[in-house]
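According to UniProt numbering, the sequence shown is numbered sequentially starting from 1.
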Amino acid sequence: MVLQRVVRAVIMGPPGSGKGTVSARVIKSFGLKHLSSGDILRANINAKTELGLLMKSCIDQGQLVPDDVMSRLILNELRTIERRSWLLDGFPRTVSQAEALDDAYTVDTVINLNVPFQTIRERLTSRWTHLPSGRVYNTDFNPPKVAGLDDETGEPLIQRDDDKPETVIRRLKSYETQTEPVLEYYRSKGVLESFTGTETNKIWPHVEAFLHRKLSSIN
Ligand SMILES: Nc1nc2c(ncn2[C@@H]2O[C@H](COP(=O)(O)OP(=O)(O)O)[C@@H](O)[C@H]2O)c(=O)[nH]1
Ligand SMILES: Nc1ncnc2c1ncn2[C@@H]1O[C@H](COP(=O)(O)OP(=O)(O)O)[C@@H](O)[C@H]1O
């Protein structure tokens with residue numbers, strides 16, 4: 001689909017709900033630019049930037065990075081792609097972050113992946129990530145062609161430190177207390193669209209159909 005005007009979208013959902021997996025499909029079908037807060041943070045950790053070093057322990061423990069740091073980081077990134085349509089993944093995660101985003105841009109639509117916590121816990125412990133690209137695999141759902149290696153580059157995959165079972169539980173708690181209020185924030189603005197299910201392949205056709213309608217009406 002060719003977009004005639006800039007479209008600004010957000011994808012939300014608990015850790016492991018499939019945001020990265022669905023984002024890759026949205027990008028392929030609709031050509032928006034994908035911006036993942038987690039990928040940006042992990043790139044900083046990997047490159048040992050000052051920010052990365054400061055935030056590493058926070059992330060490894062399953063805690064959220066402070067709002068002011070996070071909002072500054074993402075708004076700076078968005079400024080570099082001002083004239084492109086984008087899909088934000090992993091930001092905002094608190095009402096304060098949503099307000100900071102609102103001060104700078106009007107969000108057209110928010111896709112919420114509503115996946116039960118029970119489903120998620122099992123997925124994250126078998127998630128494998130290609131750090132440089134953010135591509136994700138899963139030993140059951142979408143295994144790489146060669147175990148432990150990225151399909152496109154052949155580079156090694158890693159298991160994230162924060163995908164350990166006890167850290168996953170902490171991240172789900174922080175999702176409940178800090179991120180669920182953001183859903184209410186967007187619902188009251190009339191831009192929230194929720195998709196419920198336990199399998200990405202069943203959720204995706206609904207997301208795709210919705211985006212077709214939504215982007216056509218925006219255009
Ligand atoms: N079993 C199963 N795994 C899935 C499904 N959808 C995504 N995954 C895997 O679950 C993990 C979390 O998905 P991801 O897209 O990284 O979620 P995010 O944390 O919300 O960005 C990854 O290892 C995915 O490959 C699904 O429908 N079934
Ligand atoms: N918007 C944000 N605000 C605060 N911390 C964040 C934000 N985005 C990412 N993080 C930090 O990075 C970690 C990993 O994020 P992410 O890759 O989006 O996880 P997942 O895809 O599993 O939901 C989070 O647990 C948190 O510590």
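In this text, a Cβ means the ideal position worked out from N, Cα and C, and glycines have one as well.
If you draw a straight line from the C-alpha of residue 269 to the C-alpha of arginine 127, how long is it?
Nothing can be reported for residue 269, as the shown portion of the chain is limited to 1 through 219.
Specify, as a first and last residue, the run of the beta strand (DSSP E) that threonine 109 falls within.
The residue you call residue 109 lines up with position 109 of the sequence shown. For threonine 109, the enclosing beta strand (DSSP E) covers residues 109-114.
Out of Leu124, Gly18, Val115 and Ser85, which has the shortest C-alpha to C-alpha gap to aspartate 108?
As a first step, residue 108 is located in the sequence shown; it is residue number 108 there, counting from the start. Answer by Cα proximity: Ser85.
Under 7 Å from any heavy atom of ligand 1, does the C-beta of phenylalanine 141 make it?
Taking the first residue of the sequence shown as position 1, residue 141 is located at position 141. Checking every heavy atom of ligand 1 against the Cβ of phenylalanine 141, one is found closer than 7 Å.
Please report how far the alpha carbon of phenylalanine 195 lies from the alpha carbon of glutamate 208, in whole angstroms.
Along the sequence shown, read from residue 1 onward, the residue named residue 195 stands at position 195. Along the sequence shown, read from residue 1 onward, the residue named residue 208 stands at position 208. In a straight line, the C-alpha of phenylalanine 195 is about 11 Å away from that of glutamate 208.
Compare the C-alpha of valine 191 against each of Asn112, Glu199, Ile203 and Pro144 and name the closest.
As a first step, residue 191 is located in the sequence shown; it is residue number 191 there, counting from the start. Nearest to valine 191 by C-alpha distance, out of Asn112, Glu199, Ile203 and Pro144, is Asn112.
Below 8 Å, can you find three or more Cβ-Cβ pairs linking the segment 154-165 to the segment 45-52?
no
Quick one: does the C-beta of arginine 127 sit closer than 7 Å to a heavy atom of ligand 1?
On the sequence shown, position 127 is the one that residue 127 refers to. Result yes, Cβ under 7 Å from ligand 1.
Strand pairing of valine 191, partner residues [DSSP]:
The sequence position of residue 191 within the sequence shown is 191, counting from 1. In the DSSP output, where bridge partners are listed per residue, valine 191 has none listed.
Cβ-based neighbour list, isoleucine 81, same chain, cut-off 8 Å, excluding 5 preceding and 5 following:
For this step, residue 81 is matched to residue 81 along the sequence shown. Only Lys33 and Leu35 meet the Cβ criterion.
Under 7 Å: does the beta carbon of methionine 70 sit that close to some heavy atom of ligand 2?
For the purposes of this step, residue 70 is identified with residue 70 of the sequence shown, where counting begins at 1. Under cutoff, so the answer is yes.
Helix, strand or coil at isoleucine 81 [DSSP, three-state]:
Locating residue 81 in the sequence shown gives position 81, counting from the first residue. Isoleucine 81 sits in coil when the DSSP states are folded into three classes, being neither helix nor strand.
Over the uninterrupted beta strand (DSSP E) stretch that includes residue 287, give me the two end residues.
Absent from the structure is residue 287, since the part of the chain shown begins at 1 and ends at 219.
Which runs of the alpha helix (DSSP H) at least 4 residues long sit entirely within the UniProt region "NMPbind" (36-65)? Give them in chain order.
Counting only runs of 4 or more residues that sit fully inside the UniProt region "NMPbind" (36-65), the alpha helix (DSSP H) segments are 37-46 and 50-60, in chain order.
In terms of alpha-carbon separation, which member of Arg79, Val95 and Ala43 lies closest to arginine 8?
Position 8 of the sequence shown holds residue 8. Nearest of Arg79, Val95 and Ala43 to arginine 8, Cα basis: Arg79.
Would you mind working out which of Gln178, Ser37, Thr21 and Val2 sits nearest lysine 202, comparing C-alpha positions?
Here residue 202 corresponds to residue number 202 of the sequence shown, with the count starting at 1. That would be Thr21, whose Cα lies nearest to the Cα of lysine 202.
Go ahead and pull the three-state DSSP assignment for lysine 33.
The residue labelled residue 33 in the question sits at position 33 within the sequence shown. Lysine 33: strand per DSSP, three-state reduction.
Coil, strand or helix - threonine 179 by DSSP
Position 179 of the sequence shown, counted from the first residue, corresponds to residue 179. Threonine 179 falls in the helix class under three-state DSSP.
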